[in-house]
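**Q** There's a structure below that I have some questions on.
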DNA sequence: AAATCGTGGAC
DNA sequence: TGTCCAAGATT
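Residue numbers (our numbering): 149 to 499.
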């Protein structure tokens, strides 16, 4: 089988049955960029609404570059992997200030943008500019592994390299954007991780895994580690309708987002924790209005959180330290916060 | 090379 | 219930 005809059925099938997705209505590289970054490690169903909202707020690279970071994060709120938003914001400024607002139009130029790796650069350059670069995402790795019988683990650089080089050879015989999207669509709808629907697969007659009944053992993936437990306490301090938030720094989880003053602890405290006392004025006897517990599961850790709701006069540490932002309790929803905060605020009827 | 970074849906 | 993992990038 020659490369020119290997994917012919898949391409034909894609032309007929491709899903209608909002980012497929445009070939504006900016919009393709936005969609690809939103879709990193994110399912189509989850990303669609964020894509529409993001473009409503930031319809072009100039509006994104001009926006304050906190507004970009507010639009991104709840989606996760927040460095994506910060990197996009940074790259938008770079495009406007250094490239006169012209989106880079080749692979190397696109690849230089922060938050754009090999996959995203290939996706943008193929879809927006018809350039022959194979976009190797999780779908493509799985499809290629089964189709060609590749036993190299697909979650390691060697496996990705092998697949990328092979598909870069093949993609030149096809329409690049169509080729990449057709394979991703196949992986998303037919050649799924579990229970692939081989009966409906347009690549069935060419598939190594199907011929050898190896769908369950391909691709080879290295086992993941179990999440680590972590305990964290939050202080929701109220005083005369005011409260205080803290903007997380550039390192670690939830970067750039706001949250109540927080501390990582070994064990959750049954009474208001000692560390909270420095946030309260000594002369004031604060009232404990209650606490709420949450278990927040992430890929790599399980967070046991306890929110303490205290009423009392804040200490000078809180009032004079620029680390903390004072705001009206009713205006919390204007700040970008992580999902754990959203849960608490929702359960407290604050949003 | 291996860790880290979120959230949610499917099974 | 727990496990997997998604249109990955960065360090």
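For glycine and all other residues, C-beta sits at the position ideal for the given N, C-alpha and C.
Given a threshold of 16 other Cβ atoms within 10 Å of its Cβ, counted over all protein chains shown, does residue 449 qualify as buried or as exposed?
**A** The residue is exposed, with fewer than 16 neighbouring Cβ atoms inside 10 Å.
**Q** Please return the same chain residues whose Cβ sits closer than 8 angstroms to the Cβ of residue 588, not counting the five positions on each side in sequence.
**A** Lying outside 149 to 499, the shown extent of the chain, residue 588 is not represented and no answer is given.
**Q** What are the residues that DSSP puts in a beta bridge with residue 335?
**A** Its beta-bridge partners do not exist; DSSP assigns none.
**Q** Between residue 312 and residue 382, what straight-line distance do the alpha-carbon atoms span, to the nearest angstrom?
**A** 45 angstroms
**Q** Taking DSSP as the reference, what is the three-state secondary structure of residue 412?
**A** strand
**Q** So what's residue 139 in DSSP terms, helix, strand or just coil?
**A** Residue 139 lies beyond the stretch modelled for the chain, which goes from 149 to 499, so this question has no answer here.
**Q** Less than 8 angstroms between the CB atoms is what I'm expecting for residue 236 and residue 263, so what's the real figure, rounded?
**A** 6 angstroms
**Q** Pull the bridge partners of residue 386 from the DSSP assignment, please.
**A** Per DSSP, 459.
**Q** Report the residue from 495, 402, 326 and 384 whose alpha carbon sits nearest the alpha carbon of residue 458.
**A** 384
**Q** Closest by CA to residue 170, which one among 220, 188 and 197?
**A** 197
**Q** Per DSSP, what are the beta-bridge partners of residue 379 in this structure?
**A** 413 and 452
**Q** Can you look up residue 256 in the DSSP assignment and give me helix, strand or coil?
**A** helix
**Q** Report the CB separation of residue 333 from residue 162 in whole angstroms; it is logged as a contact under 8 angstroms.
**A** 6 angstroms
**Q** Beta-carbon separation of residue 368 and residue 299 under 7 angstroms?
**A** Between residue 368 and residue 299, the C-beta gap is smaller than 7 angstroms, which places the two residues in contact.
**Q** By Cβ distance, which residues of its chain are closer than 8 angstroms to residue 472, with the 5 residues on each side in sequence left out?
**A** 392, 393, 394, 409 and 466
**Q** Using the DSSP secondary-structure output, state which residues sit across from residue 418 in a beta bridge.
**A** For residue 418, which the question treats as bridged, DSSP gives no partner whatsoever.
**Q** Tell me which same chain residues have a C-beta within less than 6 angstroms of the C-beta of residue 234, skipping the five on either side of it?
**A** Cβ neighbours of residue 234 beyond the five flanking positions: 404.
**Q** Need the endpoints of the alpha helix (DSSP H) that residue 485 sits in, please.
**A** Counting along the chain, residue 485 falls outside any alpha helix (DSSP H), and DSSP gives it neither H nor E.
**Q** In whole angstroms, what separates the C-alpha of residue 444 from that of residue 321?
**A** 47 angstroms
**Q** Assuming residue 205 is part of the alpha helix (DSSP H), what are its boundary residues?
**A** 192–205
**Q** Measure from the alpha carbon of residue 438 to the alpha carbon of each residue in 362, 204, 349 and 418, then state which is nearest.
**A** Selected option, being the one with the closest Cα: 418.
**Q** Quick one: what does DSSP say residue 214 is sitting in, helix, strand or coil?
**A** Looking at residue 214 - three-state DSSP - the assignment turns out to be helix.
**Q** Please report the residue range of the beta strand (DSSP E) in which residue 445 lies.
**A** 435–445
**Q** My understanding is that residue 325 touches residue 274, with C-beta atoms under 8 angstroms, so please give their C-beta distance in whole angstroms.
**A** 5 angstroms
**Q** What did DSSP end up calling residue 476 once you bin it into helix, strand or coil?
**A** Strand, per DSSP.
**Q** May I have the straight-line CA-CA distance separating residue 397 from residue 175, to the nearest angstrom?
**A** 35 angstroms
**Q** Going by Cα to Cα distance, which pick from 454, 218, 289 and 260 is closest to residue 411?
**A** 454
**Q** Could you please give me the residues that DSSP links to residue 392 through a beta bridge?
**A** 474
**Q** Determine, using beta carbons only, whether residue 330 and residue 493 come nearer to each other than 7 angstroms.
**A** no
**Q** Three or more beta-carbon pairs under 8 angstroms between the segment 283–297 and the segment 238–250, yes or no?
**A** Segments in contact, no.
**Q** Let me confirm a value: residue 211 is counted as buried when at least 16 other C-beta atoms fall within 10 Å, else exposed. Which label applies?
**A** Counting other Cβ atoms within 10 Å of its Cβ, residue 211 stays below 16 and is therefore classed as exposed.
**Q** Cβ atoms of residue 463 and residue 427: under 7 angstroms apart, would you say?
**A** yes
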